[in-house]
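Input: a single structure, listed below in structure tokens.
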Amino acid sequence: HRADPFPDDPAQITLADFPFRSRDKIRYGDTDRQGHVNNAVFSTLLETGRVELIFAPDAPPQEPGSAFVIARLVLDFRAELRWPGEVEIGTRVARVGRSSVTLEQAVFQGATLAATGESVLVLMDEATRRSRALPEGLRDYLLALGPA
């Protein structure tokens, strides 16, 4: 097991730590019997950040015949999310490999840190269903979103 990449003290984690930011709306249907947002929704919020980063207007276009797939997801719940409201998702690149990228993310509702996560995405060749090398332009884009 890898160590948690985030500080033990949640107060040390802020949205400013993440160069890429997304927003999402909490829906009434996201809540469960306890009145807070269901745990499964947290994964969807992280997905919003990942997808918006990969398909951002300034991101290099996806090469034909390639697609990112998620190979690993670690999610730590830090506080409840409540409806109604919005969340902000911070995303940064932790590592860039030959065919993969590791993202660190955090979900905030107002000033409250609700969750942190780490995702590994692998660029896959859609024909062979195997990993393929990240193109240089994409690699440069991802490296620019790493920690300062």
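The numbering of the sequence shown is this note's numbering, which starts it at 398 and goes up by one.
In this text, a Cβ means the ideal position worked out from N, Cα and C, and glycines have one as well.
Taking the Cα positions, Ile423 is about 36 Å away from Arg495. Taking C-alpha positions only, Val466 is separated from Glu533 by approximately 19 Å.
Shown here, Ala437 sits in a helix according to DSSP, grouped into three states. Listed as beta-bridge partners of Ile423 by DSSP are Gly482. In this structure, Val519 places its C-beta atom within 9 Å of the C-beta atom of Ser497.
Here Glu523 is near Gly462, since their CB atoms are less than 9 Å apart. Put simply, the backbone Cα of Leu535 is about 6 Å away from that of Pro457. Burial check for Thr499: the Cβ neighbour count within 10 Å reaches 16 or more, so the residue is buried.
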